[in-house]
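Peer 1: Using the numbering used here, the first residue of the sequence shown is number 17, and each one after it goes up by one.
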Amino acid sequence: TQPFPNRSLSTYSFFLAKHLDNDYVVDLITRNIRTFFDRNIVQYDYQNEPITFVGLVAYTYADILKSIAAEFGVEINKIVRNSMPGLLDYHRND
17 TQPFPNRSLS
27 TYSFFLAKHL
37 DNDYVVDLIT
47 RNIRTFFDRN
57 IVQYDYQNEP
67 ITFVGLVAYT
77 YADILKSIAA
87 EFGVEINKIV
97 RNSMPGLLDY
107 HRND
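#1: So what does DSSP say about N93, is it helix, strand or coil?
#2: Rounded to the nearest angstrom, what separates F30 and V41 at their Cα positions?
#3: Does V73 come out as helix, strand or coil in the three-state DSSP assignment?
#4: For the alpha helix (DSSP H) containing L36, list its first residue and its last residue.
#5: Taking 7 Å as the threshold (C-beta atoms), are I45 and Y75 in contact?
#6: Could you check how far apart the C-beta atoms of V90 and Y62 are, in whole angstroms? I think they sit under 8 Å.
#7: Taking a contact to mean a Cβ-Cβ separation below 7 Å, would you say S99 touches V70 in this structure?
#8: My understanding is that I84 touches F53, with C-beta atoms under 8 Å, so please give their C-beta distance in whole angstroms.
#9: In the DSSP output, what is T14 paired with across the bridge?
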């Protein structure tokens, strides 16, 4: 109900990132990334195109993300923490 719900949710994510030694937390994150793949990735031609993930959440959970991607046969091109350097390079070369 607040503006920018993604920012609110990301604070929970970073709390969880501090507790990756807990099996429950790892299972929670793994299940949700798997659900993300089911809902958002498999609908596309994901097996013939590499995928890039951008953002701090993807970067934080990169190991789990790579593991789930392997389950689905997804090739991850790269995981980028921040989009700004790539955007600057793109517009400089335009």
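C-beta atoms are modelled at their ideal positions from N, C-alpha and C, and glycine is treated no differently. Bear in mind that the values here come from a model prediction, so they are computed numbers and not experimental data.
Peer 2: Walking through what the data contain:
#1: Within the sequence shown, residue 93 is the residue found at index 77, counting from 1. When DSSP states are grouped into helix, strand and coil, N93 belongs to the strand group.
#2: For this step, residue 30 is matched to residue 14 along the sequence shown. For this step, residue 41 is matched to residue 25 along the sequence shown. C-alpha separation (whole angstroms): 11 Å.
#3: The sequence position of residue 73 within the sequence shown is 57, counting from 1. In the three-state reduction of the DSSP assignment, V73 falls in the helix class, which pools H, G and I.
#4: Within the sequence shown, numbered from 1, the residue matching residue 36 stands at position 20. Taken as a continuous stretch (DSSP letters only), L36 belongs to no alpha helix (DSSP H), as it is neither H nor E.
#5: Taking the first residue of the sequence shown as 1, we reach residue 75 at position 59. Taking the first residue of the sequence shown as 1, we reach residue 45 at position 29. With respect to the 7 Å criterion, Y75 and I45 are not classified as neighbours on the basis of their beta carbons.
#6: Here residue 90 corresponds to residue number 74 of the sequence shown, with the count starting at 1. Here residue 62 corresponds to residue number 46 of the sequence shown, with the count starting at 1. Their Cβ separation, rounded to whole angstroms, is 5 Å, which keeps V90 and Y62 in contact under 8 Å.
#7: Here residue 99 refers to the residue found at position 83 when the sequence shown is read from its first residue. Here residue 70 refers to the residue found at position 54 when the sequence shown is read from its first residue. The answer is yes: Cβ separation under 7 Å.
#8: Along the sequence shown, read from residue 1 onward, the residue named residue 84 stands at position 68. Along the sequence shown, read from residue 1 onward, the residue named residue 53 stands at position 37. That belief holds up - the Cβ atoms of I84 and F53 are roughly 6 Å apart, short of 8 Å.
#9: Given that the chain is displayed from residue 17 to residue 110, the structure contains no residue 14 and the question cannot be resolved.
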